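>
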Amino acid sequence: MLISQRSMPNQKPLNIQPKRILVITLRYLGDTLLVTPLISSLKQAYPDADIDVLLPASNAGMLEGNPDIRHLLTVDGKPGSMAFGKLLLSLFRRYDLAISTQAGDRPTLYAAIAGKTSIGFVPDDATKAWWKKTLLNRWLVFSADYGHAVLENLRFCKLLGIAPCYRLTPPQNSAPIPSITDPYAVLHIMPQWRYKQWHTQGWCELIAFLDRQGFKVVLTGSGNPAELAALRELQQQLPADVINLAGQLSLAQLSALIDKAAIFVGPDTGITHLAAATGTLTFALFGPTDPEKWAPWPYGYSENKTPFASRGSGRINNVYLLQGQTEQNCLPCQLEGCDRNRNSQSACLDQLSSARVIDVIAQTLQAPLNTE
47 MLISQRSMPN QKPLNIQPKR ILVITLRYLG DTLLVTPLIS SLKQAYPDAD IDVLLPASNA
107 GMLEGNPDIR HLLTVDGKPG SMAFGKLLLS LFRRYDLAIS TQAGDRPTLY AAIAGKTSIG
167 FVPDDATKAW WKKTLLNRWL VFSADYGHAV LENLRFCKLL GIAPCYRLTP PQNSAPIPSI
227 TDPYAVLHIM PQWRYKQWHT QGWCELIAFL DRQGFKVVLT GSGNPAELAA LRELQQQLPA
287 DVINLAGQLS LAQLSALIDK AAIFVGPDTG ITHLAAATGT LTFALFGPTD PEKWAPWPYG
347 YSENKTPFAS RGSGRINNVY LLQGQTEQNC LPCQLEGCDR NRNSQSACLD QLSSARVIDV
407 IAQTLQAPLN TE
């Protein structure tokens with residue numbers, strides 16, 4: 047899908063040279079990483095500008111060490127009325143340009159208050175969008191048929207009359223990571239929500255295969271107590287030399303660990319996006335989510351179209367996307383599991399066999415990695 051031209055009628059590119067820029071991204075961890083091409087585009091176009099990012103405190107690690115960013119302004123969840131008002135007051139006209147990368151109420155208000163010039167997404171619903179269009183100097187419609195998240199964010203480049211940069215920037219710091227001398231595979235088993243999980247049997251059989259191939263297997267994960275408990279339980283079924291680093295690494299350390307790995311395997315989660323951004327050979331296990339909109343962005347991919355189609359599996363550069371399957375052929379449904387809630391199962395992932403995943407990985411490891 048090409049970058050959409052959905053915007054206000056006869057909208058001409060802004061002719062500005064901002065010295066201070068605020069980018070607002072208030073959603074999930076993966077969304078934070080997927081906004082880095084826009085940030086790099088801004089820095090490329092305005093090299094002398096100071097770029098700040100307003101984001102949830104829980105996501106700040108994803109932008110650690112980003113050379114294009116001056117400051118991270120963090121918020122804890124959804125602040126109450128007084129805290130929200132105080133933050134708006136502190137932002138008032140501090141920036142020459144403010145960009146809201148989401149169409150929600152709060153991101154729009156932050157942009158409108160913070161920027162002498164403000165731009166942002168508005169929903170494709172006149173009853174919800176009219177006041178946002180009034181507040182913003184320029185706007186882009188975020189419609190139901192939106193394209194890949196990276197390309198949607200880069201639509202702001204056309205609005206600003208600047209060249210897009212398609213590179214994702216992983217977090218980085220100088221903190222040490224565990225020294226693993228053998229070739230190793232990183233597996234990030236637990237997504238945030240149940241409906242994106244692959245089955246335990248599949249992970250066990252995949253780990254057994256990787257162990258037979260001579261790979262040291264490294265498990266990663268967050269510090270969430272439920273996730274840690276689930277991984278400890280799983281580890282009882284695995285070879286004794288499997289390394290479990292869940293909850294022990296910062297995102298920058300995790301990025302460095304994945305960067306040195308032979309392969310990475312993970313579900314539809316922010317860490318799989320991170321793995322793809324490092325350039326490591328990445329196998330992404332997708333279920334209900336539409337790859338056309340949310341597939342990991344392949345390293346070195348710089349085309350103005352989505353890398354993966356909505357249906358089917360395949361490889362682009364360092365990313366091999368493996369889509370689940372059902373007899374009903376209902377993918378991608380874009381629903382939160384078969385029971386329509388985040389903690390429900392997804393038949394497409396439950397029916398994705400370990401044999402299929404192992405076969406794809408085995409065949410791919412025999413082929414040279416092409417990142418041209």
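Residue numbers for the sequence shown, in this note's numbering: 47 to 418. Heads up, the beta-carbon is just placed ideally off N, CA and C, and yes, glycines get one too. None of these values were measured; they are calculated from a predicted model.
Please give me, in chain order, every unbroken run of the beta strand (DSSP E) with length at least 3 that falls completely inside the stretch 284 to 322.
Fully enclosed beta strand (DSSP E) runs of 3 or longer: 309 to 313.
> How many Å lie between lysine 58 and proline 313 at the Cα?
Within the sequence shown, residue 58 is the residue found at index 12, counting from 1. Within the sequence shown, residue 313 is the residue found at index 267, counting from 1. One C-alpha to the other measures close to 41 Å.
> Between the Cα of glutamine 218 and the Cα atoms of Phe138, Pro169, Asn112, Leu274, which residue gives the shortest distance?
Taking the first residue of the sequence shown as position 1, residue 218 is located at position 172. For the residues Phe138, Pro169, Asn112, Leu274, the minimum Cα distance to glutamine 218 belongs to Asn112.
> Check this for me: beta carbons of leucine 101 and leucine 68, under 8 Å apart or not?
As a position in the sequence shown, residue 101 is number 55, starting the count at 1. As a position in the sequence shown, residue 68 is number 22, starting the count at 1. Not closer than 8 Å, so no.
> Assign serine 50 to one of three DSSP states: helix, strand, or coil.
Locating residue 50 in the sequence shown gives position 4, counting from the first residue. Bear in mind that a pLDDT of 41 at serine 50, under 50, signals an unreliable position, so the number given afterwards is only what the model happens to contain. Residue state, collapsed to three classes: coil.
> Which value, in whole angstroms, describes the spacing of the CA atoms of serine 301 and threonine 173?
For the purposes of this step, residue 301 is taken as the residue at position 255 of the sequence shown. For the purposes of this step, residue 173 is taken as the residue at position 127 of the sequence shown. Their Cα atoms are separated by approximately 42 Å.
> Can you tell me whether DSSP reads proline 102 as helix, strand or coil?
As a working note, residue 102 is residue 56 in the sequence shown. Correct three-state label for proline 102: strand.
> For methionine 236, does the count of other Cβ atoms within 10 angstroms reach 16, so buried, or fall short, so exposed?
On the sequence shown, position 190 is the one that residue 236 refers to. So methionine 236 ends up on the buried side.
> Near asparagine 363, what residues of its chain come up, given a Cβ to Cβ distance below 6 Å and the 5 sequence neighbours on each side ignored?
For the purposes of this step, residue 363 is identified with residue 317 of the sequence shown, where counting begins at 1. Same-chain partners within the cutoff: Pro344, Tyr345, Gly346, Tyr347, Thr417.
> Measure the CB-CB distance between leucine 367 and valine 403 and report whether it falls below 8 Å.
As a working mapping, residue 367 is identified with position 321 in the sequence shown. As a working mapping, residue 403 is identified with position 357 in the sequence shown. For leucine 367 and valine 403, no; Cβs fall outside 8 Å.
> Using a 10 Å radius around the Cβ and a threshold of 16 neighbouring Cβ atoms, would you call glycine 316 buried or exposed?
The residue you call residue 316 lines up with position 270 of the sequence shown. Buried, since its Cβ has 16 or more Cβ neighbours within 10 Å.
> Give the range of the beta strand (DSSP E) segment to which tryptophan 185 is assigned.
Counting from one through the sequence shown, the residue named residue 185 turns up at place 139. Where tryptophan 185 is concerned, the enclosing beta strand (DSSP E) stretches over 184 to 188.
> According to DSSP, simplified to helix, strand and coil, what is lysine 65?
Walking along the sequence shown from the start, residue 65 turns up at place 19. DSSP places lysine 65 in coil when its eight states are reduced to three.
> Distance check for glutamine 283 and leucine 143, CA to CA, integer angstroms please.
If you number the sequence shown from 1, residue 143 lands on position 97. If you number the sequence shown from 1, residue 283 lands on position 237. Taking the straight line from one Cα to the other gives about 53 Å.
> Please name the residue, chosen from Ala322, Gln374, Cys376, Gln371, that lies closest to proline 353 on a Cα-to-Cα basis.
Stepping through the sequence shown from its first residue, residue 353 is reached at position 307. That would be Ala322, whose Cα lies nearest to the Cα of proline 353.
> Among the residues of its own chain, which have a CB less than 7 Å from the CB of arginine 73, if the five just before and after it don't count?
Within the sequence shown, numbered from 1, the residue matching residue 73 stands at position 27. These residues qualify, in order along the chain: Gln148.
> Using the Cα positions of proline 224 and glycine 293, report the straight-line distance between them to the nearest angstrom.
For the purposes of this step, residue 224 is taken as the residue at position 178 of the sequence shown. For the purposes of this step, residue 293 is taken as the residue at position 247 of the sequence shown. Answer to the nearest angstrom: the Cα atoms are 13 Å apart.
> CA-CA distance, proline 378 and leucine 134?
Sequence index remark: in the sequence shown, residue 378 carries index 332 (1-based). Sequence index remark: in the sequence shown, residue 134 carries index 88 (1-based). Distance between the alpha carbons of proline 378 and leucine 134: 39 Å.
> Less than 8 Å separating the beta-carbons of phenylalanine 310 and valine 406?
Against the sequence shown, residue 310 aligns to sequence position 264. Against the sequence shown, residue 406 aligns to sequence position 360. No, they are not a contact pair.
> Can you give the beta carbon distance from valine 264 to leucine 291, rounded, assuming they're within the 8 Å contact cut?
Counting from one through the sequence shown, the residue named residue 264 turns up at place 218. Counting from one through the sequence shown, the residue named residue 291 turns up at place 245. Correct: roughly 6 Å between the Cβ atoms.
> Hey, would you say aspartate 430 sits closer than 8 Å to lysine 124, going by beta carbons?
Residue numbering for the chain in the displayed model covers 47 to 418; residue 430 lies beyond these limits and cannot be assessed.
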